[in-house]
Structures are given as C-alpha cells and as structure tokens.
Amino acid sequence: MKHPLLSIVVPCYNEEEVIQETIKRLNAFCTTLTDLDVELIFVDDGSRDRTRALLKEEVQRNPHIRIVGFARNFGHQIAVSAGIDAARGDAVVLIDADLQDPPEVVGEMIAKWREGYDVVYGVRTERPGESAFKRATALAFYRLLNKLSDVAIPLDTGDFRLMSRNVVEVIRAMPERDRFVRGMVSWAGFKQTALPYRRAERFAGETKYPLRKMLKFATDGIMSFSSKPLQMSIGLGMAAAALSLAGILYALFLRVFTNVWVEGWTALMIAVLFIGGVQLLCVGILGEYIGRIYSEVKRRPLYVVQEYIGYPEEHAPQFSRSPVVDRK
Ligand code: UDP
Ligand code: MG
C-alpha cells in the first residue's frame, strides 16, 4: 500500500556548519516514520558558503533529498514559499536548518494531523540561547501585530509547523510578494492547533537574522496584515489639526481683543516643527504602503531557481513560480 507523503521543507542560508548535522538528525527522525514516505526539501537561499556543495553530496547518498537552489539570496520567507511550491506531500512541515526546532517534535505534529488538524504550529515555551533583546522585541512584536491585524496570528510562533495539503494549496494560491508566511497560514483558516515545544539553541553558526532583516520582517508582517497604520495616521493628523485650531483661535483672540499679539518665536517654532513632523510621519506611512503596491504591480517572479536537484523525473516540480527550471 502506498503511504501518505510528508514533505519537510528546510530553508538554508549559509548553514555549512550545521547542515550535515541537520540532515543526520532529520534522517534519524524519518527512519522512525514507518507508515509515511518522506521527502526532504532543502531550499538553498543563495548561500555563499559550502552549503549547496554539501547538500549536493547528500543527494548522491540519499534519494529522499531534493534541493531547490536559488540564483541569489531572496530571504527566509521566500525560501519557505519556494519549498512549499516544490513540495508534493500530503502534509508539509516547515523547519529551520539550525536545529532550533527539534525534528522529534514533528512526530507530535504528525499525530495531531492524523487526529484531523490541518495546521499544527509550534509555540515556543522557552528560547534558550537567544539574546534578551531578541526575546523582548519578539514578545512586543507579536502582541503589537495582534492588536493591529484583522487576522488573529498566534503569539510566539515561528514558521515551525505542519500544514495539510488543503492549507498548502491556499498558500500556493496567494500571489503576494511581501510574504509573512505564519500570518498567511492563520489567514487560511481550517482546523488549527498549537503545539508547545521547547526551542533549542542554534546548533552552530550564527543567526541569519540581523536587526536590519528583523525590522524588515516585522514591517512586512504589520503592513501585509493591517491597514491600521494608515488609519492611525489619519487620527494623528486630526489630533494635530485640533491642536493647531486651538493655537489659531488663541492667536486670533490675542490679536483682536488684546494689545499683546506679538507672542514671539517659541510658539511659532513649536507649531511649525510639530506639524512638519506629523506630516512627514504620515507621508512615510503612506510611502510604505505605496512602495509595497509598486512591488506588487511589477509582478516579478517571486524567486529565481537556478537548479532543482534530486527530483525524480516524474516528480519534478510542475508549478514553480520561477522562470528558470534546470532539473537534475
Ligand atoms: N534563512 C534563509 N534566508 C535568509 C535568512 C535565513 O533561508 O536570508 C534561514 C536560515 O538558514 C534558517 C532559518 O532561515 O534555517 C532561520 O534563520 P535563523 O536561524 O538565522 O533565524 P533565528 O532563528 O535567529 O531567528
Ligand atoms: Mg535560528
């Protein structure tokens, strides 16, 4: 009898120090899955180190391994999306390459999937080895996002999750360029459930999410799932207008009814600077959305695949969004 297929998607960017260990751990885990077929899809997000060479070596030894090799670095969320596009499984698991998400937890996710859940997302109960700064900003970010977003996005989740084919098809049908995958999965609906797990430390190497990428990721999350910043800028504008009106009335009152209308420089400066600041802020918020509209209307491919490796001919990815398809 044919078993259901599980696709495990692993985005990798400059992970030469961990990749072999990750493959070893994933393989060891997969051998425990006796009633499932497995494919391991490594999306090499344009690594500049030996990651892809090491992956290619593994493909020779292991027929379950596939590589989606990007032409350059496109970013974590796009790499995950390409893995989802290339996966054929009845269920698809997203997992980081650095072993922070223990492969063994996937076993519990599969059990929940068999109970009938379409999405099983990991919730981090502990995050050892991550800086206090990262933990605090993550904590604040997920709470802020939930306040702003119309879609309820679970707190303290990453992309570590299992999704059924139904949900995968929904994600594949979403063409947007600014991809905040965990939000998109929440948006899809179906039966979703949380699975608490203890996040491990990065096995080796260092984080590929410097502050700059984290900020981009956070704005992507907020901008893709909320237009509240625009409404807030209207509120801010109205508050500033109300304050100015009070100032105008005060100035007029002094001019008409008293003899002391030269109030001096301070009040003038405060008003000019305040209104100028509020205006720039609102224009900036507007600009963020317009920039995103611009990148959407260009309709460029979401990513460029240089090579697909390890796909048996009959399984070659059919629906890649990438223009270049070199299958080996
Ligand atoms: N990653 C990627 N492209 C990038 C940055 C990161 O594919 O541009 C991958 C990385 O290899 C890892 C995962 O995304 O598998 C999460 O990255 P990382 O562990 O550095 O983030 P952190 O856990 O520190 O938030
Ligand atoms: Mg990590």
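When we follow numbering that gives the first Met the number 0, the leftmost residue of the sequence shown carries the number 0, and every step to the right adds one.
Just so it is clear, CB atoms sit at the ideal spot from N, CA and C, and this is done for glycine as well.
DSSP beta-bridge partners of residue i
i      : result
Leu194 : Gly121
Glu56  : The partner list for Glu56 (beta bridge, DSSP) is empty, contrary to what the question assumes.
Ala90  : Leu5 and Ser163
Asp36  : Leu4
Cys11  : Asp43
Phe69  : Val304
Ile247 : In DSSP, Ile247 forms no bridge with anything.
Thr156 : Val122
8 Å contact criterion, which residue i and residue j should meet: CB distance rounded
i      : j      : result
Ala81  : Val304 : 7 Å
Arg201 : Asp97  : 4 Å
Asn25  : Pro102 : Per the sequence shown, the amino acid found at residue 25 is Leu instead of Asn. Confirmed, Cβ separation roughly 5 Å.
Ala239 : Ile274 : 6 Å
Contact test: residue i Cβ vs the ligand MG heavy atom, cutoff 6 Å
i      : result
Gln99  : yes
Arg123 : no
Arg181 : no
Arg201 : yes
Asp95  : yes
Closest Cα partner of residue i within the set the options
i      : options                           : result
Asp332 : Trp264, Met162 and Pro3           : Since the first residue shown for the chain is 0 and the last is 327, residue 332 is missing from the structure and cannot be characterised.
Lys190 : Thr136, Gly157, Arg298 and Arg164 : Arg164
Ala151 : Arg134, Glu20, Arg126 and Gly188  : Gly188
Lys227 : Glu57, Cys281, Leu214 and Lys133  : Cys281
Glu287 : Glu14, Met222 and Ala135          : Met222
Residue i: CB within 6 Å of a non-hydrogen atom of the ligand UDP
i      : result
Pro10  : yes
Ala193 : no
Glu14  : yes
Asp155 : no
Tyr208 : yes
Ala78  : yes
Gly74  : yes
Asp43  : no
Cβ neighbours of residue i in the same chain (closer than 6 Å, five flanking residues each side left out)
i      : result
Gly128 : Glu200
Val92  : Ile7, Val105 and Leu161
Val42  : Pro10, Val67, Ala78, Ala81 and Gly82
Val169 : Ala187
Close Cβ partners of residue i (< 7 Å) along its chain, the five nearest in sequence each way excluded
i      : result
Ala217 : Phe140
Gly220 : Leu144, Phe179 and Gly182
Asn72  : Tyr12, Asp44 and Gly45
Contacting residues, own chain, Cβ-Cβ under 8 Å from residue i (five flanking each side not counted)
i      : result
Leu194 : Val104, Glu107, Met108, Lys111, Val119, Tyr120, Gly121 and Val122
Asp149 : Phe224 and Ser225
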